[in-house]
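Residue numbers (full-length UniProt numbering): 1 to 146.
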């Protein structure tokens, strides 16, 4: 497992730690392009991967149920930093990413199909449940649907 939590002033050592495993193989994670030079070398050598992974603990964030955090400050600089909720909660810092940066919570449920005025976030799954319930209990039975 790589140690990707860096501190200020040790960006070179962070790059070495975060992109090399203990056996010396280069870790290629283009989703977390904290070091664009290594990502470009990997892309040229055909070692690229398009998997969405946490840049700290390297778990996959591709599950439809997975919610993750994307750094807005790093995104503006062209660096794609994604953190799982656990690493974000623990305050993980990866290379140029610092815990005080602005962020966006990405919900893999996707956008709602129908606009809502509610404060609760609905994804397409909740919309589908509503449609199925309306079909089963008929559209006029709102008390049953609630």
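C-beta atoms are modelled at their ideal positions from N, C-alpha and C, and glycine is treated no differently.
Check                                                                                                                       : Outcome
Contact set for residue 105: own chain, Cβ-Cβ below 7 angstroms, skip 5 residues either direction                           : 67 and 69
Where residue 83 falls, given that 16 or more other Cβ within 10 Å makes a residue buried                                   : buried
Sequence-distant residues of the same chain with beta carbon closer than 7 angstroms to residue 103, five excluded per side : 69, 70, 71 and 72
Whole-angstrom distance between residue 107 and residue 143, CA atom to CA atom                                             : 29 angstroms
Same chain, Cβ closer than 8 angstroms to residue 52, five either side skipped, listed in chain order                       : 31, 60, 61, 62, 68 and 82
C-beta contact flag for residue 96 and residue 77 at 9 angstroms                                                            : yes
Reduced DSSP secondary structure (H/G/I, E/B, other) of residue 71                                                          : strand
Which residues DSSP lists as bridging residue 104, in chain order                                                           : 70
Same chain only: Cβ atoms within 6 angstroms of residue 89, ignoring 5 sequence neighbours per side                         : none
Outcome for residue 79 when other beta-carbon atoms lying within 10 angstroms are tallied against a minimum of 16           : buried
Distance, residue 141 Cα to residue 134 Cα                                                                                  : 8 angstroms
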